[in-house]
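Protein chains in written order, with the numbering used here: chain A, 28 to 476; chain B, 2 to 239.
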């Protein structure tokens, strides 16, 4: 029998027992819905986490330091290849890295320990310069007040813990000013008396105390500058361009001065390189290393995260599939009942010239059609369920004064995969009934009342 | 020996069943030849094996021993799919209980063998109408079988059996569920069809007077055996 005739007959048969077949299809739909809802939550959470992490810049950022930079307390010194002199991380290097393919931006890490005066009281803290791109990183979502009005504004955003140190009512700080007291680095002219034993002139620098008034524009609860590449957590954030112009003394200055660096030339303790996407980080990291710098990223952590979500999705999928298993049994039951009811009809079909394979295919198509409709409605119900869960969660989050999130996500691949899966499961459920119907002896079937 | 004029040739055909440990010889060593365009009536009491023999000729069942040749094909040599094609294209069947599918309209019932024979969709309405015209039921095309009388249902069953233009029509007690007048009308229709289309008809019945009136030859079965097969002498119509 031709496929179209087979489908026509299957639809006709399904229509004839519409209530029972609709209920069976509904069973499949509920099974698929539970699977889709579970997986949509898994996918949604994964997307949420990936989005947040990608916005945070942790997974598309490479931290570049000079190769002989000290790594930190108690950690061994990196090996330096004697044949390659370590390169200085200066403005030239920054521009060179910026020219590499797939680089969005390269910015220095400006971070220094300093003192802040507010209401004539001193407070010690760490200052960090924030690039303009951090505005959209998600780190400042839900902040009180506003982000910096311009990349060069004399403004500051305080981390909530520091704001609490300054005032019992942190919100009242917005709009007020504080005084940043910092040590400005000023280069000294080269002097023969201070030449090194090798005879080369060495430029030192002097440290001059300076002050800058900063307007408090916002208070943030997260820690946008929590140091991966830096030391300590910065509590006072200011525009990176403003922070750079301060020429505040940083940790690498002392190291640079004992080396033969010119104090007039700005060097950076580290640079942050943002790639266009996390997938380009690995190649970019290798290119930077080839340039003679140390570079590292959180790519491996990102891989672990993906593994975690794959396992998470698998577990959700298994739980979601349980309802589908029950639905499968429903299909088997419906089709076996249909064989009993249509026994005589099967006999007539065979007497009229239907081959065993025609009968088998007819039952197969009926199972497949139930799977198709079950899959389609299941995806719809699953999507609605996901929306309902997201809605409920967001109502709760709103009450907690938190930003709404997109908890569930039904991507196209999930829609197609769920429908295909429902059809395959239904076909598998139809295997036994279809084979039983095909094997029915037509003589017995025709005799059946 | 079968020749070009033979439509069906049964050669020492036997069919036995095992039921509850007992062996039942439904058809026992039957040899019979049916000529092309012949109207043969197979008579016998209940359980004599006539319906089993009909099922064997129809290819719905296979004999335990012996061979069946129909329209030049030995059925034993046919695969399951070829046997289905044989039932579809060579054989037309009608039954005592009509066996129309109640969920389908008359048109759909008659179209069913055309679907199985994979006849083009455009061709089908014409063939259905032609078959219905032959049984004079064109005005009931969209009706369901349950809306028809017994006689009308059997006429629809005949139309369904004829729609694929088979060479052999097998009728299993076609008048068994009908009153005598209607039964006679059905047999009259069968005979007309047989003469117009040049078909071979094998009809199982236990109504001897009807068989004698319409069939050309009677074959009588008892206990699975063929007891006799004889021509019916008929008066030449004036």
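All C-beta atoms in this analysis are idealised placements derived from N, C-alpha and C, irrespective of residue type, glycine included.
Computed from a predicted model, the values in this text were never measured in an experiment.
Strictly by DSSP, which residues pair up with residue i?
i                      : result
residue 185 of chain B : In DSSP, residue 185 of chain B forms no bridge with anything.
residue 243 of chain A : A:183
residue 416 of chain A : BP columns for residue 416 of chain A are empty, so no partner.
residue 149 of chain A : A:144
residue 93 of chain A  : A:320
residue 40 of chain B  : B:202
residue 169 of chain B : B:92 and B:201
residue 139 of chain A : A:154
residue 207 of chain A : A:143 and A:239
Please report how far the alpha carbon of residue i lies from the alpha carbon of residue j, in whole angstroms.
i                      : j                      : result
residue 199 of chain B : residue 149 of chain B : 28 Å
residue 102 of chain A : residue 157 of chain A : In this prediction, residue 102 of chain A has a pLDDT of 48, which is less than 50 and means its spatial position is unreliable; what the coordinates show is noted afterwards. Cα-Cα distance, rounded: 28 Å.
residue 400 of chain A : residue 52 of chain A  : 7 Å
residue 151 of chain A : residue 119 of chain A : 33 Å
residue 389 of chain A : residue 325 of chain A : 55 Å
residue 220 of chain B : residue 207 of chain B : 11 Å
residue 63 of chain B  : residue 19 of chain B  : 14 Å
residue 33 of chain A  : residue 473 of chain A : 21 Å
residue 131 of chain A : residue 430 of chain A : 28 Å
residue 462 of chain A : residue 406 of chain A : 29 Å
residue 197 of chain A : residue 182 of chain A : 16 Å
residue 73 of chain B  : residue 37 of chain B  : 11 Å
residue 205 of chain B : residue 404 of chain A : 52 Å
residue 250 of chain A : residue 169 of chain A : 12 Å
residue 451 of chain A : residue 355 of chain A : 10 Å
residue 66 of chain B  : residue 47 of chain B  : 23 Å
residue 137 of chain A : residue 159 of chain A : 14 Å
residue 175 of chain B : residue 120 of chain B : 27 Å
residue 73 of chain A  : residue 113 of chain B : 53 Å
residue 366 of chain A : residue 192 of chain B : 37 Å
residue 309 of chain A : residue 125 of chain A : 16 Å
residue 36 of chain A  : residue 29 of chain A  : 11 Å
residue 104 of chain B : residue 47 of chain A  : 16 Å
Between the beta-carbon of residue i and the beta-carbon of residue j, is there less than 9 Å?
i                      : j                      : result
residue 10 of chain B  : residue 35 of chain B  : yes
residue 127 of chain A : residue 315 of chain A : yes
residue 321 of chain A : residue 91 of chain A  : yes
residue 154 of chain A : residue 139 of chain A : yes
residue 43 of chain B  : residue 194 of chain B : no
residue 386 of chain A : residue 373 of chain A : yes
residue 129 of chain A : residue 299 of chain A : no
residue 129 of chain B : residue 160 of chain B : yes
residue 50 of chain B  : residue 225 of chain B : yes
residue 38 of chain A  : residue 396 of chain A : yes
residue 186 of chain A : residue 268 of chain A : no
residue 63 of chain A  : residue 445 of chain A : yes
residue 237 of chain A : residue 211 of chain A : yes
residue 97 of chain B  : residue 223 of chain B : no
residue 183 of chain B : residue 151 of chain B : yes
residue 82 of chain B  : residue 169 of chain B : no
residue 193 of chain A : residue 146 of chain A : yes
residue 350 of chain A : residue 57 of chain A  : yes
residue 125 of chain B : residue 116 of chain B : yes
residue 233 of chain A : residue 213 of chain A : yes
residue 39 of chain B  : residue 218 of chain B : yes
residue 207 of chain A : residue 263 of chain A : yes
residue 240 of chain A : residue 205 of chain A : yes
residue 379 of chain A : residue 94 of chain B  : yes
Check whether the Cβ of residue i sits closer than 8 Å to any heavy atom of the ligand GDP, and report yes or no.
i                      : result
residue 174 of chain A : Absence of the ligand GDP is noted for the structure shown, with no ligands found whatsoever.
Residues of chain E with CB under 8 Å from residue i, in chain order?
i                      : result
residue 309 of chain A : The structure shown contains no chain E; its protein chains are A and B.
Query raised in the report: Fully enclosed by the region 43–115 of chain B, which alpha helix (DSSP H) runs are 4 residues long or longer?
Result: Restricting attention to alpha helix (DSSP H) runs no shorter than 4 residues, the region 43–115 of chain B encloses them at 51–59 and 81–90, ordered along the chain.
Report task. Quick one: which residues of the region 373–402 of chain A get their C-beta closer than 9 Å to a C-beta of chain B? List them in chain order. Result -> Cβ contacts with chain B come from 374, 375, 376, 377, 378, 379, 380, 381, 382, 383, 384 and 385.
Requested in this report: Check each residue of the region 425–443 of chain A: if its Cβ is closer than 8 Å to any Cβ of chain B, include it; give the result in chain order.
Outcome: Those residues of the region 425–443 of chain A that come within reach of chain B (Cβ to Cβ, closer than 8 Å) do not exist; the list is empty.
Requested in this report: Note down, in chain order, all residues in the region 62–76 of chain B with a beta-carbon under 9 Å from any beta-carbon belonging to chain A.
Outcome: Near chain A, meaning a CB-to-CB distance below 9 Å, the residues of the region 62–76 of chain B are 62.
**Report entry** Contact list for the region 113–131 of chain B against chain A, Cβ threshold 7 Å
**Finding:** Of all residues in the region 113–131 of chain B, only 113, 114, 116, 117, 118 and 119 come within less than 7 Å of chain A when Cβ atoms are compared, listed by chain position.
Query raised in the report: What are the start and end residues of each continuous alpha helix (DSSP H) run of 4 or more residues lying completely inside the region 188–232 of chain B, in chain order?
Result: Entirely contained in the region 188–232 of chain B, the alpha helix (DSSP H) runs reaching 4 residues are, in chain order, 209–215.
Query raised in the report: Taking Cβ-Cβ distances below 7 Å as the criterion, which residues of the region 199–214 of chain B are in contact with chain A?
Result: Those residues of the region 199–214 of chain B that come within reach of chain A (Cβ to Cβ, closer than 7 Å) do not exist; the list is empty.
**Report entry** Minimum length 4: unbroken alpha helix (DSSP H) runs contained in the region 399–473 of chain A
**Finding:** Correct list: 439–466.
Requested in this report: Report the residue ranges of all alpha helix (DSSP H) runs contained in full by the region 29–79 of chain A; include only those spanning at least 4 residues, in chain order.
Outcome: Those alpha helix (DSSP H) runs which fall completely within the region 29–79 of chain A and span 4+ residues are 30–43.
Requested in this report: Name, going along the chain, the residues of the region 8–34 of chain B whose beta-carbon falls closer than 8 Å to a beta-carbon of chain A.
Outcome: Under the 8 Å Cβ criterion, the region 8–34 of chain B contributes no residue.
Query raised in the report: Going along the chain, which residues of the region 42–55 of chain B sit with their C-beta nearer than 7 Å to a C-beta in chain A?
Result: Correct list: empty, as no residue qualifies.
Query raised in the report: Where in the region 337–407 of chain A do unbroken runs of the alpha helix (DSSP H), each at least 4 residues long, occur, reported from the N-terminal end onward?
Result: Within the region 337–407 of chain A, the complete alpha helix (DSSP H) segments of 4 residues or longer fall at 370–378, listed in chain order.
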